[in-house]
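In what follows, a structure is listed as structure tokens, so that the remarks can point back to it.
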Amino acid sequence: MTTTPISLQQMLSAAGLSTGQQRELFALVALGVLESLENKLLTPAEALRVFFTFDNCRFVQMRLQSEPADAIMSQGVQLADLFDALPDSDASRELATEISVMRQHCLHLLETERLVA
319 MTTTPISLQQ MLSAAGLSTG QQRELFALVA LGVLESLENK LLTPAEALRV
369 FFTFDNCRFV QMRLQSEPAD AIMSQGVQLA DLFDALPDSD ASRELATEIS
419 VMRQHCLHLL ETERLVA
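Numbering (my numbering), first residue to last: 319 to 435.
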């Protein structure tokens, strides 16, 4: 898996998409990151370095202006901390719960954008 950070600003702004389309693409990319976490293709620390970066969090907050998108990024930033704060078995359970909640935010975002379009 790549360790090069994904730049949401480059990816979403360069595509010439509307804000709604950017939200949809963001949700799809986030679902891919969550799937990778769930299948252990990415560790929470790798996901933090690759996707849940400060620059991406700021871009989502400033450009996408979406509560579900903000929630996804906020929760993502905290995933690696679970393994510092909890025993591994508890952290793994909590990680699965957090991924599930974040997935619901992604699906809500996709559904909302579909209804608006």
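Every residue, glycine too, gets a C-beta built ideally from N, C-alpha and C.
Leaving aside the five residues before and after T371 along the sequence, list all residues of the same chain whose C-beta is less than 6 angstroms from its C-beta, in chain order. P323
Report yes if the CB atom of V378 is closer than 8 angstroms to the CB atom of A365, and no otherwise. no
Runs of alpha helix (DSSP H) wholly within the stretch 333 to 380 (minimum 4 residues, chain order): 337 to 356, 362 to 368 and 372 to 377
Out of R381, L382, Q383 and S354, state which residue places its alpha-carbon closest to the alpha-carbon of F369. S354
Once you ignore the five residues that flank A345 on each side, which residues in its own chain have a CB closer than 7 angstroms to its CB? C424, L427 and L428
Below 6 angstroms CB to CB, which residues in the same chain sit around R421 once its five sequence neighbours on both sides are set aside? L352
Out of E342, T337 and L335, which has the shortest C-alpha to C-alpha gap to R432? E342
If you reduce the DSSP assignment to three classes, tell me which class P386 lands in. In the structure shown, P386 falls within a helical segment according to DSSP collapsed to helix, strand and coil.
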